[in-house]
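Protein chains: 2
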Amino acid sequence: MSTAIKDGHDRFPPEPWRVREIGLDQRTLAQTESLFALSNGHIGVRGNFDEGDPYGLPGTYLNSFYETRPLPYAEAGYGYPESGQTVVNVTNGKLIRVLVDDEPLDLRYGEIRHHERVLDLRRGLLHRVLEWQSPAGKRVRLRSTRLVSLTRRSLLAVDWCVEAVDEPLRIVAQSELVANEHIPALSNDPRVAAMVENPLEAVENGWDKLRAQLIHRTRNSELHLAVAMDHVVEGPGEVTCEMASHPDWARLTAATRLGVGERLRLTKFVTYGWSSQRSVPALRDQVTAALVSALDSGWERVVEEQEKHFENFWSGADVELDGPVVIQQAVRFGIFHAYQAAARAEQRAIPAKGLTGSGYDGHAFWDTEMFVLPLLTATASDAAADALRWRWSTMDLAAERARTLRLSGVAFPWRTIRGHECSAYWPAGTAAVHVNAAVAVAAARYLWWTGDEAFGRAYAVPLLVETARLWMSLGYLGDDGEFHIDGVTGPDEYSALCDDNVYTNLMAARNLREAAEVARRWPPDGMAPDEIAAWENAADRMAVPYDKEKRVHEQARGFTGRKVWDFERSAREDEYPLLLHAPYFDLYSRQVIKQADIVLALHWCGDAFTAEEKARAFAYYEPLTVRDSSLSACTQAVVAAEVGHLDLAADYLAEAALMDLHDIEHNARDGLHIASLAGAWLALVAGFGGMRDTPHRLLFRPQLPPGWERLAFAVRPRGHLLRVEIVPGKVTYSVEGEGPLEVTHCSGRRQDVLSIRQGRPVTRKWKAVRPLTPRPPQPPGREPHRLP
Amino acid sequence: MSTAIKDGHDRFPPEPWRVREIGLDQRTLAQTESLFALSNGHIGVRGNFDEGDPYGLPGTYLNSFYETRPLPYAEAGYGYPESGQTVVNVTNGKLIRVLVDDEPLDLRYGEIRHHERVLDLRRGLLHRVLEWQSPAGKRVRLRSTRLVSLTRRSLLAVDWCVEAVDEPLRIVAQSELVANEHIPALSNDPRVAAMVENPLEAVENGWDKLRAQLIHRTRNSELHLAVAMDHVVEGPGEVTCEMASHPDWARLTAATRLGVGERLRLTKFVTYGWSSQRSVPALRDQVTAALVSALDSGWERVVEEQEKHFENFWSGADVELDGPVVIQQAVRFGIFHAYQAAARAEQRAIPAKGLTGSGYDGHAFWDTEMFVLPLLTATASDAAADALRWRWSTMDLAAERARTLRLSGVAFPWRTIRGHECSAYWPAGTAAVHVNAAVAVAAARYLWWTGDEAFGRAYAVPLLVETARLWMSLGYLGDDGEFHIDGVTGPDEYSALCDDNVYTNLMAARNLREAAEVARRWPPDGMAPDEIAAWENAADRMAVPYDKEKRVHEQARGFTGRKVWDFERSAREDEYPLLLHAPYFDLYSRQVIKQADIVLALHWCGDAFTAEEKARAFAYYEPLTVRDSSLSACTQAVVAAEVGHLDLAADYLAEAALMDLHDIEHNARDGLHIASLAGAWLALVAGFGGMRDTPHRLLFRPQLPPGWERLAFAVRPRGHLLRVEIVPGKVTYSVEGEGPLEVTHCSGRRQDVLSIRQGRPVTRKWKAVRPLTPRPPQPPGREPHRLP
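Those protein sequences? They're chains A and B, same order as listed.
Each number in my numbering corresponds to the 1-based position in the first sequence with 12 added.
Each number in my numbering corresponds to the 1-based position in the second sequence with 12 added.
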């Protein structure tokens with residue numbers, strides 16, 4: 013890991029607002045394509061080179077544009093989903109190839125004299141500068157700026173130019189649309205996507221002047237896709253342009269001669285549209301309209317819109333820190349990508365990888381609600397609302413799934429694109445019913461932060477009520493008077509089919525209570541009068557297993573009695589991630605934890621534990637948790653901070669934030685870990701900021717990582733913009749917005765309710781939490797990623 | 013079910029030694045093909061008609077002749093088997109078709125004037141008599157007798173003749189070998205076999221005089237198969253014979269004219285040989301040699317040998333009863349098929365369906381050791397020894413599997429033909445580690461019954477020691493001082509991945525103790541001195557969960573606290589078998605039991621429970637057990653008898669015995685339920701006979717089903733032939749063999765040790781067990797199959 017960090021440092025110098033790659037490491041092409049991916053939540057393009065080749069994994073994605081594929085079972089079972097959904101690499105519109113005299117520009121040949129790619133996090137632009145000498149010695153300079161517009165949902169735009177450096181050159185630029193690109197197989201890891209070969213069937217192609225379009229459809233899912241491109245070509249002299257189109261490609265070829273220092277510039281606008289319902293002519297018109305609008309505005313205006321959009325976003329979402337610049341950079345990188353993944357998703361899913369790669373088949377999981385939506389709800393609540401409206405829009409499928417499972421209410425899928433359950437291994441999929449609480453609690457949380465009553469009535473009520481009904485049909489009041497939920501899989505995927513998983517039970521209890529609250533406020537039609545009382549009764553009696561001998565909560569009933577995994581052996585034999593080296597048979601029956609499970613409950617259901625219980629649980633589970641999932645470090649950071657292990661929290665923060673920049677799990681090539689990136693924000697805000705959205709008001713328990721001088725962040729609770737600035741020993745709360753905002757300030761055991769008004773910041777002292785246990789060890793070899 | 017019984021009665025009149033079908037029900041062709049299957053454990057032929065068509069499922073099987081096929085996983089995991097094994101329908105040698113004048117004899121056309129098939133259980137012969145009138149009004153009588161020889165492993169023989177009834181006829185008989193028959197798809201039930209299309213690749217074919225042979229091989233498993241046939245043709249006059257062969261078929265065509273009452277007779281000998289190692293010429297010679305030997309002996313001698321073989325078998329295996337004849341018939345049918353499945357298996361597996369059909373892909377499971385071997389060990393111990401030697405011969409594969417699972421010792425497969433794990437759903441497969449105890453305990457049991465020291469040293473020691481090592485690596489001494497085995501699946505497949513499954517734990521304890529015993533007697537090389545002590549310590553401390561509130565043992569830790577299945581709903585909505593109507597997700601977390609689990613422990617590990625505990629456990633689990641498995645009724649019969657519910661025991665006996673004759677599970681078409689059939693013997697001998705093989709001597713607790721006048725059976729313990737004859741109130745033990753045999757006779761609470769010598773039978777009184785609980789109910793609609 014330390015090597016990875018070093019590499020990371022060499023390759024991406026720590027700069028607060030940019031991710032800059034200098035030079036080129038061909039071995040990590042696929043990783044950098046993920047890092048430099050641009051998206052607006054509707055369309056996403058990987059950071060492939062303008063000239064297409066070489067590539068690690070070519071990728072252009074449209075949110076929820078997928079193909080279905082049969083899910084094979086050697087031994088089938090009742091209720092197994094018959095088909096899966098796989099994100100499709102759609103028509104590539106990024107391509108601008110160039111012929112330098114008589115040689116194609118390709119970085120595998122000739123000499124790279126300078127190469128730099130810069131992701132501008134503040135503005136949402138990807139810049140590239142290249143000076144290249146062809147094998148025959150011809151030198152060109154190439155500059156490009158690429159953007160996926162946040163203000164124009166369907167638009168990808170590239171401003172590209174090539175310059176002759178030291179002698180006159182013949183230059184041919186070719187701007188293309190290409191469908192059905194070859195996709196290389198990257199790995200045998202089951203988490204990597206299934207490949208769909210040639211997913212697109214040609215429907216129509218054509219060109220006119222410098223514009224061309226392609227229309228395709230998928231074979232099984234029957235989705236139609238239209239892509240159009242147009243160009244502005246500027247040369248020093250005459251430029252010969254030729255257009256062509258073909259079922260799977262369309263091309264502008266622009267040929268000219270450049271004197272020394274002269275440039276050929278291409279501005280390329282590409283618009284995408286897709287639908288399962290709209291007709292081919294409607295789609296054709298839609299992409300053309302968007303294209304003409306972009307041409308009408310022109311490149312400069314489009315860039316200006318982008319900058320303004322991001323400026324507004326950052327004003328209420330940025331986190332500033334006086335600490336390691338690499339963390340400042342990584343945290344902004346994380347916020348940027350989490351926002352990109354969601355901003356214009358507009359009632360479609362936010363996949364685990366956003367639109368940055370095809371990992372996990374492009375599926376969305378519970379990550380969205382538990383790790384990404386907390387950030388979005390606090391900083392860009394419209395995007396959070398849309399994500400929840402997407403869940404709501406799939407409730408018919410979730411209700412059908414619940415019926416299949418012989419349950420009431422709704423059962424949201426473990427993994428999906430469109431809303432159908434696509435999990436083919438049910439013990440680690442369908443059985444992870446906690447996804448339903450994640451959705452429900454996220455809806456309640458959004459309501460809490462925004463007070464959006466229209467949303468509450470139309471979306472939060474059905475989401476909360478129907479998930480509450482699921483829990484009531486799944487769980488039962490046992491003879492012991494407690495409400496039990498048996499046979500489910502919690503967040504820790506190295507356990508499965510457990511009884512009374514603490515996280516699941518406590519989240520279900522939250523779900524039931526929040527459902528009771530909204531159902532009282534906005535009573536749904538035809539509700540049985542005693543239903544709400546039954547929910548509250550179940551929530552009150554929810555079983556929370558506790559090991560009295562070990563004086564610690566059990567991850568699930570019986571967990572702490574199990575045999576502890578042989579971590580020494582796994583370290584010795586280099587067996588991480590364990591799922592690739594040990595059978596579930598073994599993992600499931602031992603004390604070994606893939607990712608924060610009960611520790612996640614300590615964060616999100618903290619009221620259910622005393623401070624001492626939290627400290628003891630964290631200390632107990634830390635040596636069992638191997639973090640073979642990227643959904644772990646951020647939560648461990650939050651709880652480590654709460655129980656006073658600030659240095660450990662800082663380490664976990666670094667791991668969460670650097671997951672992809674340092675390629676900690678060696679799979680950033682498949683796409684970014686959006687939840688981990690959003691989790692880095694949680695590590696700072698909920699961890700060191702100590703922020704909790706408790707029933708009545710926001711609560712903060714400010715602290716700082718050892719050696720940091722300052723941490724400042726902004727959130728947008730209930731119509732206010734709240735800024736929190738933490739410096740050693742002191743914190744300042746300031747507010748923009750009408751009326752006072754109450755917050756709870758905690759320091760040690762003391763809690764103060766502060767009322768803060770615009771223009772009257774409030775400063776308070778804070779003391780670090782005194783840890784009740786020594787810093788707990790991790791399994792050998794699984795210590796957190798550390799800054800050098 | 014009552015309809016099934018009625019059908020059964022109409023179709024198979026109750027006769028003590030025969031199963032006779034009168035007439036023909038085309039809808040149940042596949043079922044009767046299973047019932048009338050003949051086998052010797054090496055080759056097996058379904059009861060297809062001589063003339064081939066019509067058929068339900070054509071079937072000719074050679075033990076362990078299989079093809080591999082890839083096992084697909086939509087989500088793969090570490091250690092999942094990559095390929096499965098599927099029994100292959102090999103070259104059909106049974107075929108003798110006939111052309112009557114100018115019409116093919118086919119029972120779907122013309123008129124069946126008389127048709128009878130008779131399975132002679134006493135002699136091992138299948139007879140058929142047919143009088144048929146062709147659509148053109150030509151009448152023939154056809155008689156055939158078919159046998160699969162128990163004394164000649166590779167021989168199938170048919171004596172066939174056709175007679176002109178009331179006018180002279182031109183007759184053409186065609187005797188064939190046909191490879192790659194078309195296999196119809198029978199069902200969507202996952203328990204039905206995967207189909208392999210055209211599994212056989214032609215290698216060689218040829219003919220000479222009336223003899224022909226075909227040699228084929230499988231594509232992936234690379235097994236070679238040779239089949240040869242020869243004929244004796246007898247006509248009243250000249251018979252024109254013509255031979256032909258082709259890669260996938262060979263044929264004798266015999267044409268003649270028959271006057272009224274004249275007959276054309278064909279005696280057909282077919283020999284089979286296969287190997288993964290022997291050369292094609294070697295196989296060719298092998299089948300020819302067997303063929304010439306059969307021809308040399310002739311039909312009558314072959315039949316005589318068969319009769320003698322069976323006479324000898326029945327003399328030490330028969331069960332006689334003065335009770336319902338339908339049960340007498342069914343029990344002999346069961347013993348016959350169980351013996352057929354094993355007699356000449358000779359160190360190959362005994363599949364769950366024997367060689368009577370392709371159900372379960374032709375795989376062997378734990379059924380063999382737990383249900384079939386008890387019968388064989390007591391009555392035909394050579395066959396039991398061979399079955400155990402087969403397990404022993406796969407120990408290298410089982411050791412490799414254990415390593416894959418990160419365990420010590422050996423891990424036998426859940427399902428297999430050759431020895432490789434072929435289970436593609438591990439929670440109901442690999443996790444059912446109790447298969448290892450079944451193997452080990454069966455080896456110890458064989459040793460107990462036979463005193464076969466050579467076997468003990470060479471086979472029992474490695475089987476017991478290596479399985480003991482498995483348990484030691486799988487289980488652990490918990491902080492509570494008990495030895496726990498977590499995350500396993502017991503016999504009940506409606507639970508999975510349980511902790512401390514009582515059956516598994518108690519069988520593991522037996523395994524450990526038996527291993528300690530043989531390892532002390534025949535110390536293996538290089539054994540650590542404290543290993544035996546560790547086994548005994550683990551066995552002594554084995555966890556056996558008990559619910560103190562409910563005062564009943566738990567099937568597994570926590571089981572009795574779970575929510576009880578909604579049996580009313582399942583009855584109302586006709587949801588049996590549940591696995592086709594409910595997800596595992598639901599089943600696994602409820603109190604609902606597919607098949608005897610703890611009740612199986614009550615039988616086989618009875619010493620671990622008091623009489624009251626047995627009665628209470630039986631009463632508790634009975635209303636939860638739906639018997640969606642055929643491996644349940646026989647065990648429930650045994651334990652019902654032990655706890656004094658004799659009428660219930662009789663009902664379960666009937667269900668076990670009539671499983672296939674009455675087609676209780678509607679899948680006899682896929683092959684017979686050999687374990688249930690052998691289980692009927694257990695129901696009688698261990699149930700009403702109360703036989704237990706306790707450490708020092710056989711124990712009997714004789715009882716009779718209500719209304720029965722007599723039950724007599726024979727077993728062969730330790731070189732003796734012991735006959736037990738139970739009549740109301742009295743039991744007589746008599747012995748053949750040298751020296752005295754001690755048995756324990758129980759009646760009520762009293763136990764007497766009897767010493768019995770040849771020629772001096774001992775008679776004792778018995779009283780029925782007084783039940784401690786009322787007769788327990790079953791889930792609604794799941795009451796046992798009852799005699800009308």
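We treat Cβ as the ideally placed atom computed from N, Cα and C, and that holds for glycine.
Under 9 angstroms between C-beta atoms of residue i and residue j
| i | j | result |
| --- | --- | --- |
| Thr-462 (chain A) | Arg-125 (chain A) | no |
| Met-241 (chain A) | Leu-264 (chain A) | yes |
| Ala-397 (chain B) | Tyr-506 (chain B) | no |
| Glu-79 (chain B) | Ser-233 (chain B) | yes |
| Arg-164 (chain B) | Leu-138 (chain B) | no |
| Leu-295 (chain B) | Ile-339 (chain B) | no |
| Leu-417 (chain A) | Gly-91 (chain A) | yes |
| Pro-791 (chain A) | Ala-629 (chain A) | no |
Reduced DSSP category for residue i - H, G, I as helix; E, B as strand; rest coil
| i | result |
| --- | --- |
| Met-554 (chain B) | strand |
| Ser-257 (chain A) | strand |
| Val-488 (chain A) | Inspection of the sequence shows that residue 488 (chain A) is occupied by Tyr rather than by Val. Strand, per DSSP. |
| Met-382 (chain B) | helix |
| Asp-114 (chain B) | coil |
| Arg-469 (chain B) | helix |
| Met-241 (chain A) | strand |
| Met-13 (chain B) | Confidence in Met-13 (chain B) is poor, its pLDDT being 29 and thus under 50, which makes the residue's placement too unreliable to answer from. |
| Ala-376 (chain A) | strand |
Proximity test, Cβ basis, 9 angstroms: residue i and chain A
| i | result |
| --- | --- |
| Ala-668 (chain B) | no |
| Glu-87 (chain B) | yes |
| Thr-98 (chain B) | no |
| Thr-442 (chain B) | yes |
| Val-765 (chain B) | no |
CB contact below 9 angstroms: residue i versus chain B
| i | result |
| --- | --- |
| Val-110 (chain A) | no |
| Glu-209 (chain A) | no |
| Arg-628 (chain A) | no |
| Leu-592 (chain A) | yes |
| His-496 (chain A) | yes |
For residue i, the residue or residues it bridges with in DSSP
| i | result |
| --- | --- |
| Asp-559 (chain A) | A:Val-564 |
| His-708 (chain B) | Beta-bridge pairing links His-708 (chain B) to no other residue. |
| Asn-104 (chain B) | B:Val-190 |
| Leu-168 (chain B) | B:Val-160, B:Val-282 |
Presumed contact (8 angstroms Cβ cut-off) between residue i and residue j, rounded CB distance
| i | j | result |
| --- | --- | --- |
| Val-445 (chain A) | Ala-414 (chain A) | Contact flag wrong, Cβ pair sits at about 10 angstroms. |
| Ala-361 (chain B) | Ile-429 (chain B) | 6 angstroms |
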